[in-house]
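Heads up: the sequence lines are chains A and B, in that order. Residues in the first sequence are numbered consecutively from 8, following our numbering. Residues in the second sequence are numbered consecutively from 8, following our numbering. The structure appears below as structure tokens.
Number of protein chains: 2
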Amino acid sequence: MKTKQRRLPREVREQQLIDAAVSAFSRGDYHSVSVEEIAVAAGTSKPTVYHYLGSKEGIFTACVRREMERLVEAIRAAVHAPRPTDDDPLRRGMRAFFAFVVDNRESWTVLYRRAAAQGQPFEAETARVRDRVTSEMAELITACTRDDYGDMDTRDAQLLARVAVSTADAFADWLLDHPDETPDTMAGHVAELTWSHLRTRGPAEV
Amino acid sequence: MKTKQRRLPREVREQQLIDAAVSAFSRGDYHSVSVEEIAVAAGTSKPTVYHYLGSKEGIFTACVRREMERLVEAIRAAVHAPRPTDDDPLRRGMRAFFAFVVDNRESWTVLYRRAAAQGQPFEAETARVRDRVTSEMAELITACTRDDYGDMDTRDAQLLARVAVSTADAFADWLLDHPDETPDTMAGHVAELTWSHLRTRGPAEV
């Protein structure tokens with residue numbers, strides 16, 4: 008039985024279209040995905056998709072932006088969670104990050120692999136996303152270390168944030184490449200396998 | 008006075024063409040560079056460039072491969088240098104890396120920024136370069152830590168290498184973005200500003 012599609016608020020409709028698009032873009036590279044296919048997956052028509060999101064570039068950009076915001080929100084929520092646990096906020100943020108990557112494999116693929124691999128015309132957008140995530144990370148680092156160390160120098164926080172974001176990328180790629188890893192085992196690796204840990208660990212301990 | 012161009016051995020000629028191409032590609036993005044312009048800069052003709060390097064894609068790929076080999080060689084030489092200094096081989100390798108980035112700004116730009124920004128058709132080549140550099144890094148880490156810690160687990164070395172390569176990228180970008188930084192100040196940052204350093208440093212020290 009065919010029912011007439013109810014009119015949905017613009018924002019809800021847009022989110023549904025982006026859901027369908029994230030899914031489509033995560034399966035194939037940018038050029039192999041058609042707007043038609045996104046429309047069908049979202050149960051609507053091509054003109055409707057264009058009406059809401061402008062163009063194929065617009066659709067892809069909307070996907071990258073929304074998935075970035077979701078990732079940032081997930082980490083922020085974990086860091087600021089008022090849970091009295093043993094571990095520190097940075098550790099909670101790290102686990103939230105790995106959990107996001109595992110639970111949102113499609114988002115991660117779209118956000119970090121396709122966008123970077125696509126190059127133009129998304130180079131500027133990719134750089135913007137990276138800057139946004141880095142600023143967010145710098146703020147988190149500054150906030151999380153304030154109680155123990157006082158206010159961190161802005162430039163130190165920026166550098167540390169850039170390194171943290173790059174390192175997070177590498178760990179996330181590793182996690183997706185190795186199905187036996189979990190957010191918890193990854194958090195363990197982060198603690199164990201870092202340069203300075205290696206360098207400060209004395210030979211006697213091994 | 009025009010002199011007849013002497014015939015050069017193929018390898019020398021090829022290296023000259025790659026020199027000119029690295030320079031050209033570092034100034035503009037892939038599409039904005041013409042083979043004509045590379046030929047003129049190398050003091051030769053377009054057909055000669057095609058004869059040696061096949062196509063514009065072939066030229067770019069040759070640039071990326073050669074610059075990667077130079078970087079790997081520079082680091083390897085520093086790590087294995089039989090110099091009796093205070094610092095450890097990993098630290099020497101790190102300084103060699105930063106020195107390469109500063110001394111070969113053009114190479115770095117071609118290798119890591121243009122290639123990644125270009126996406127297709129260089130996605131596979133970029134991945135290949137990264138894998139090659141990562142394996143090299145895993146070998147160095149294993150070799151440098153053997154005396155103190157014994158043979159490192161292969162998988163641990165791979166993960167550590169991936170993180171090291173990503174971190175190195177982030178530090179190199181920072182170095183190029185901040186003209187007041189030097190290879191030495193960067194080596195200092197690496198030692199001071201890492202997650203695990205931050206986490207193991209007690210509040211009392213500050």
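For each residue, glycine too, the CB sits at the ideal point set by N, CA and C. If you're wondering where the values come from, they're calculated on a predicted model, not measured in any experiment.
- Segment contact: the segment 65 to 83 of chain B against the segment 112 to 121 of chain B, three or more CB-CB distances shorter than 8 Å; contact assigned.
- Judged by pairs of C-beta atoms under 8 Å, the segment 149 to 166 of chain A does not touch the segment 52 to 72 of chain A, as fewer than three such pairs exist.
- In this structure, DSSP gives B/Val29 a helical state, which the three-state scheme calls helix.
- Within the segment 119 to 167 of chain A, the complete alpha helix (DSSP H) segments at least 4 residues long are 122 to 125, 130 to 156, listed from N- to C-terminus.
- Between B/Thr55 and B/Asp163, the alpha-carbon positions lie close to 47 Å from each other.
- Under the three-state reduction of DSSP output, A/Pro16 falls in the coil class, being neither helix nor strand.
- In this structure, the straight-line span from the alpha carbon of A/Asp110 to that of B/Trp181 is close to 32 Å.
- Contacts between A/Ser173 and chain B, judged by CB atoms closer than 7 Å, involve Ser173, Thr174, Asp176, Ala177 in chain order.
- Counting along the chain, no alpha helix (DSSP H) covers A/Ala49, and no H or E run does either.
- Take the alpha-carbon of B/Tyr156 and the one of B/Asp95: they are about 14 Å apart.
- In the three-state reduction of the DSSP assignment, B/Pro96 falls in the helix class.
- Around A/Ala106, the same chain offers Pro190 as residues with beta carbons nearer than 7 Å, after the five sequence neighbours per side are excluded.
- B/Ala177 and A/Arg169 have their C-alpha atoms roughly 6 Å apart.
- Secondary structure at A/Gly195: helix, using DSSP grouped into helix, strand and coil.
- Within the same chain, Cβ atoms closer than 7 Å to the Cβ of B/Phe104 are found at Ile82, Ala175, the five residues on either side in sequence being excluded.
- Contacts between A/Val79 and chain B, judged by CB atoms closer than 8 Å, are missing: the closest CB pair is about 19 Å apart.
- For B/Val71, the enclosing alpha helix (DSSP H) has its first and last residue at 63 to 87.
- DSSP places A/Pro190 in the helix class (H, G or I) of the three-state scheme.
- A contact is defined here as three or more CB-CB pairs under 8 Å, and the segment 22 to 29 of chain B fails this definition with respect to the segment 132 to 151 of chain A.
- At least one beta carbon of chain A lies nearer than 8 Å to the beta carbon of B/Val170.
- Contact between B/Val86 and B/Gly100 holds, since their C-beta atoms are separated by about 4 Å, short of 8 Å.
- For B/Ser114, the enclosing alpha helix (DSSP H) begins and ends at 112 to 115.
- B/Ser33 sits away from B/Ala48, with the two beta carbons spaced by 8 Å or more.
- Between A/Pro16 and A/Glu64, the CB-CB gap reaches or exceeds 8 Å.
- A/Tyr119 and A/Ala179 have their C-alpha atoms some 10 Å from each other.
- Taking the CA atoms as reference points, B/His185 sits about 27 Å from B/Val40.
- If you draw a straight line from the Cα of B/Pro89 to the Cα of B/Asp187, it is about 31 Å long.
- Within the model, the alpha-carbon separation for A/Thr141 versus B/Lys53 is close to 44 Å.
- Separation of the CB atoms of B/Asp36 and B/Arg121 is rounded to 6 Å, and the pair is thereby assigned contact status at 8 Å.
- Less than 8 Å separates the beta-carbon of A/Met144 from that of A/Ala171.
- In the three-state scheme derived from DSSP, where H, G and I count as helix and E and B as strand, B/Asp36 is classed as coil.
- In the three-state reduction of the DSSP assignment, A/His185 falls in the coil class.
- The three-state reading of DSSP puts A/Ser173 in helix, counting H, G and I together.
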